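In the order they appear, the protein sequences are chains A and B.
Quick note: the first sequence uses our numbering, first residue 139, plus one each step.
Quick note: the second sequence uses our numbering, first residue 139, plus one each step.
Glycine included, each C-beta is placed from N, C-alpha and C at the ideal position.
Every value quoted in this text rests on a predicted model; they were computed, and no experiment measured them.
There are 2 protein chains.
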Amino acid sequence: MDNSGKIVIAVDAMGGDFAPDQIVLGALQSARDLKVGITLVGKKSEIEYAIGKANIAGITVSIVEASEVITDQEQPAIAVMKKRDNSLSVATRLVKEQKAQAMVSAGPTGAIMVAGLQFLGSLPGVERPTVGGSFLGLAPRTVVLDLGANVGCQPYQLVNFAVIGVAYAKTFLKVENPSVGLLNVGVEEGKGDPLSKEAHMLLRKSGLNFIGNVEGHDIVREKANVIVCDGFTGNVLVKFSEGLGQILSHWLGQKLKDKISQADKEKICNDLYGVLSPSQAMGGGPLLGINGVVCKAHGNSQAQQIAGTIQQAKMAVESGFINILRESLEKVHTNIG
Amino acid sequence: MDNSGKIVIAVDAMGGDFAPDQIVLGALQSARDLKVGITLVGKKSEIEYAIGKANIAGITVSIVEASEVITDQEQPAIAVMKKRDNSLSVATRLVKEQKAQAMVSAGPTGAIMVAGLQFLGSLPGVERPTVGGSFLGLAPRTVVLDLGANVGCQPYQLVNFAVIGVAYAKTFLKVENPSVGLLNVGVEEGKGDPLSKEAHMLLRKSGLNFIGNVEGHDIVREKANVIVCDGFTGNVLVKFSEGLGQILSHWLGQKLKDKISQADKEKICNDLYGVLSPSQAMGGGPLLGINGVVCKAHGNSQAQQIAGTIQQAKMAVESGFINILRESLEKVHTNIG
Chain A
139 MDNSGKIVIA
149 VDAMGGDFAP
159 DQIVLGALQS
169 ARDLKVGITL
179 VGKKSEIEYA
189 IGKANIAGIT
199 VSIVEASEVI
209 TDQEQPAIAV
219 MKKRDNSLSV
229 ATRLVKEQKA
239 QAMVSAGPTG
249 AIMVAGLQFL
259 GSLPGVERPT
269 VGGSFLGLAP
279 RTVVLDLGAN
289 VGCQPYQLVN
299 FAVIGVAYAK
309 TFLKVENPSV
319 GLLNVGVEEG
329 KGDPLSKEAH
339 MLLRKSGLNF
349 IGNVEGHDIV
359 REKANVIVCD
369 GFTGNVLVKF
379 SEGLGQILSH
389 WLGQKLKDKI
399 SQADKEKICN
409 DLYGVLSPSQ
419 AMGGGPLLGI
429 NGVVCKAHGN
439 SQAQQIAGTI
449 QQAKMAVESG
459 FINILRESLE
469 KVHTNIG
Chain B
139 MDNSGKIVIA
149 VDAMGGDFAP
159 DQIVLGALQS
169 ARDLKVGITL
179 VGKKSEIEYA
189 IGKANIAGIT
199 VSIVEASEVI
209 TDQEQPAIAV
219 MKKRDNSLSV
229 ATRLVKEQKA
239 QAMVSAGPTG
249 AIMVAGLQFL
259 GSLPGVERPT
269 VGGSFLGLAP
279 RTVVLDLGAN
289 VGCQPYQLVN
299 FAVIGVAYAK
309 TFLKVENPSV
319 GLLNVGVEEG
329 KGDPLSKEAH
339 MLLRKSGLNF
349 IGNVEGHDIV
359 REKANVIVCD
369 GFTGNVLVKF
379 SEGLGQILSH
389 WLGQKLKDKI
399 SQADKEKICN
409 DLYGVLSPSQ
419 AMGGGPLLGI
429 NGVVCKAHGN
439 SQAQQIAGTI
449 QQAKMAVESG
459 FINILRESLE
469 KVHTNIG
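Printed below as a string of structure tokens:
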């Protein structure tokens, strides 16, 4: 908290396709609208120049200098180790030093994850953070994880995803007692590959609100609030859905040609893309499993998406998301032995 | 072949939601339009009654009595063993006895597979048949397999799927040198779970036109003619796509309400469902890996779908699909050692 008791968010001003201008603009808007303290991290001269252009009067933010930037082209782990004064690491370190309560970056996910693990560590029993969230605009009340961070899982990892997804659904979707489904090839117990069979048994013992196996169509039908799967399946699904969004919106544009107004056509095709694109549905959010609030915004975020991610960071801090998660993980680990 | 040199297809008249009427009707249409000999298998009195209702003059078909029927509610392996005189087994036996060159059934997939394996066996190196075909109406030139028959695969099984997919694309899609992609979480070699890594190396050695890893969106973009994956992932994708088709066509109906004519709206929404529904794209087709032409039509097939599946069976026989497949399997097995 700052002197006035506000939550402080450290924002990596240098990460993302539209850094620093759009990041700074989104951060300034958040400082004004969300009543949060903002610390912008990056090259001071560039940040000050962007603030000048942003033209939002009367908003004060702090700046912390970081001389280096990590790009998408670098190996995340190596880049974080070599460029010690990079903006996303410096922002994360502010959380470790309790000078900020959360960090937000639109930089490369891998690097944010490495920095998060380096400075804040992972929650008990979590080896590696998971990526997930509301999967589809069509099915906003269903969180799917893992979406690609963990490929080739052990059964207990799927239980971790379930615990994390439940905390996520409670905090961000305001679901009271989130139901959990295991993505599988059939609803009957005993279905699936060895991973699914073992994970099914563990989930039964977990004490979570486990409703059993669910199938591919159940994601779209919101059959459970939290659906867990290996990151291999999750990643294929995310990309399949993204690809469908692109091709289908083009397909629909052809079908609607000369049938409705150009404006209506564009609106509906854009909406179709939006409801199918997992990245649009998720917008951005916390890296799940890190022992601190570390939020990733999309690389192509504009000011509005940055402000949205800062709002998620604020919600996570206010709701005590990390403590809830830590306690749930400990409880479930006791249940499954 | 029958006396006049026609290919004979044994059709299980009793399998499917609309048996025997729609099955018989589709078979009679095929006898007329495709110049194939048809042997209807099932309860003679019911078949004769259905023929009477079909009102197609001048078409002669044979009937072979089978007193029992296998339903979706039964355990396939047990049902096939217990009900020895069931219609789909009797139809398959006609192929074994060379009284027919192919069999077609809209009965339960599991039971057709068991009967196929029992009477005809599997092709060399294939433990269990695979299910696959053109995955999406949006991407008709891309065959995906396995779609759920084989869950928890060994790497060599993915190579088998590739060989089978290539023969399928040659025969049914008329692609000359089908390209093969391995569904994975990234295009770089070395990506993925242990199965993907090992399968990637085998596919490199296979002598097939292997283009490397492909990702979820590449299915929609037809990046390869054949895309192989474990049946777990394939099954989740199929069902996800089916679910999307249902929910999205409803969503689109709402969006288009009062914007275009009712007829146009219904047409576009139905088309949208159609291009997303793998079962509609595939229609029906051979169980891949059985040592004989055994074709499955969808359970909810009407006469038109039955006729379509009979046409596929005819193409498979005429093109020497099974021999091509056997030779390709042997060649690739030699390549991968």
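Cβ-based burial, residue i [other Cβ within 10 Å; buried from 16]
i, result
"residue 198 of chain B", "exposed"
"residue 332 of chain B", "exposed"
"residue 216 of chain A", "exposed"
"residue 416 of chain B", "buried"
"residue 231 of chain A", "buried"
"residue 380 of chain A", "buried"
"residue 295 of chain A", "buried"
"residue 442 of chain A", "exposed"
"residue 458 of chain A", "exposed"
"residue 267 of chain A", "buried"
"residue 329 of chain B", "buried"
"residue 278 of chain A", "exposed"
"residue 300 of chain B", "buried"
"residue 195 of chain B", "exposed"
"residue 154 of chain A", "buried"
"residue 247 of chain B", "buried"
"residue 396 of chain B", "exposed"
"residue 211 of chain A", "exposed"
"residue 401 of chain A", "exposed"
"residue 171 of chain B", "exposed"
"residue 473 of chain A", "exposed"
"residue 353 of chain B", "buried"
"residue 439 of chain B", "buried"
"residue 286 of chain B", "buried"
"residue 209 of chain B", "exposed"
"residue 475 of chain B", "exposed"
"residue 308 of chain A", "buried"
"residue 298 of chain B", "buried"
"residue 399 of chain A", "exposed"
Interface partners of residue i on chain D, CB under 9 Å
i, result
"residue 184 of chain A", "Among the chains of the structure shown, chain D does not appear; the protein chains present are A and B."
Same chain only: Cβ atoms within 7 Å of residue i, ignoring 5 sequence neighbours per side
i, result
"residue 468 of chain A", "262"
"residue 348 of chain B", "318, 341 and 342"
Option in the options with minimal Cα separation from residue i
i, options, result
"residue 463 of chain B", "B:338, B:303, B:372 and B:452", "B:303"
"residue 322 of chain B", "A:376, A:189 and A:316", "A:376"
"residue 271 of chain B", "B:265, B:284 and B:403", "B:284"
"residue 346 of chain B", "B:405, B:370, B:315 and B:188", "B:315"
"residue 335 of chain A", "B:370, B:188 and B:361", "B:370"
"residue 258 of chain A", "A:241, A:273 and A:269", "A:241"
"residue 186 of chain A", "A:174, A:169, A:171 and A:151", "A:151"
"residue 344 of chain A", "A:298, A:470, A:233 and A:165", "A:470"
"residue 142 of chain B", "B:362, B:403, B:157 and B:173", "B:173"
"residue 255 of chain B", "B:426, B:184, B:189 and B:144", "B:426"
"residue 360 of chain A", "B:355, B:363 and B:378", "B:378"
"residue 355 of chain A", "A:157, A:313, A:260 and A:274", "A:274"
"residue 288 of chain B", "B:373, B:429, B:239 and B:411", "B:373"
Beta-carbon contacts of residue i that lie in its chain and below 8 Å, excluding the five residues immediately before and after
i, result
"residue 276 of chain B", "358, 413 and 414"
"residue 407 of chain B", "387, 388, 390, 391 and 394"
"residue 237 of chain B", "146, 148 and 177"
"residue 305 of chain A", "459, 462, 463 and 466"
"residue 311 of chain B", "272, 278, 279, 281 and 363"
Beta-carbon contacts of residue i that lie in its chain and below 6 Å, excluding the five residues immediately before and after
i, result
"residue 206 of chain B", "221, 223 and 224"
"residue 253 of chain B", "218, 226, 227 and 230"
"residue 447 of chain A", "242, 422, 433 and 435"
"residue 367 of chain A", "321"
"residue 182 of chain B", "201 and 203"
Quiz item: Fully enclosed by the stretch 239 to 324 of chain B, which beta strand (DSSP E) runs are 3 residues long or longer?
Solution: 240 to 243, 270 to 274, 277 to 283 and 317 to 321
Quiz item: Residue ranges of each beta strand (DSSP E) run of no fewer than 3 residues wholly in the stretch 145 to 206 of chain A, ordered along the chain?
Solution: 146 to 150, 175 to 180 and 200 to 203
Exercise. Check each residue of the stretch 242 to 254 of chain B: if its Cβ is closer than 8 Å to any Cβ of chain A, include it; give the result in chain order.
Key: none
Practice problem: Determine which residues of the stretch 360 to 387 of chain A have a Cβ less than 8 Å from any Cβ of chain B, and write them out in chain order. | Solution: 367, 368, 369, 370, 371, 373, 374, 375, 376, 377, 378, 379, 380, 381, 382, 384, 385 and 386
Quiz item: Can you give, in chain order, each stretch of the alpha helix (DSSP H) that sits fully within the stretch 363 to 431 of chain A and has at least 4 residues?
Solution: 369 to 394, 400 to 414 and 416 to 420
Quiz item: If you measure beta-carbon to beta-carbon, which residues of the stretch 384 to 413 of chain B are closer than 9 Å to chain A?
Solution: 384, 385, 386, 389, 390, 393, 394, 397, 398, 399, 402, 405, 406, 409, 410 and 413
Quiz item: What residues in the stretch 334 to 360 of chain B have a beta carbon less than 9 Å from any beta carbon of chain A?
Solution: 334, 353, 354, 355, 356, 357, 358 and 359
Quiz item: Given a limit of 9 Å on CB to CB distance, which residues of the stretch 203 to 229 of chain A reach chain B?
Solution: none
Quiz prompt | Interfacial residues, the stretch 320 to 334 of chain A to chain B, with Cβ spacing under 9 Å | solution = 321, 322, 323, 324, 329, 330, 331, 332, 333 and 334
Practice problem: Taking a Cβ distance cut-off of 7 Å, strictly less, list which residues of the stretch 276 to 299 of chain A are near chain B, in chain order. | Solution: 276, 286, 289 and 290
Exercise. Just list the alpha helix (DSSP H) runs in the stretch 440 to 467 of chain B, keeping only unbroken ones of 4 residues or longer that don't cross its boundaries, in chain order.
Key: 441 to 456
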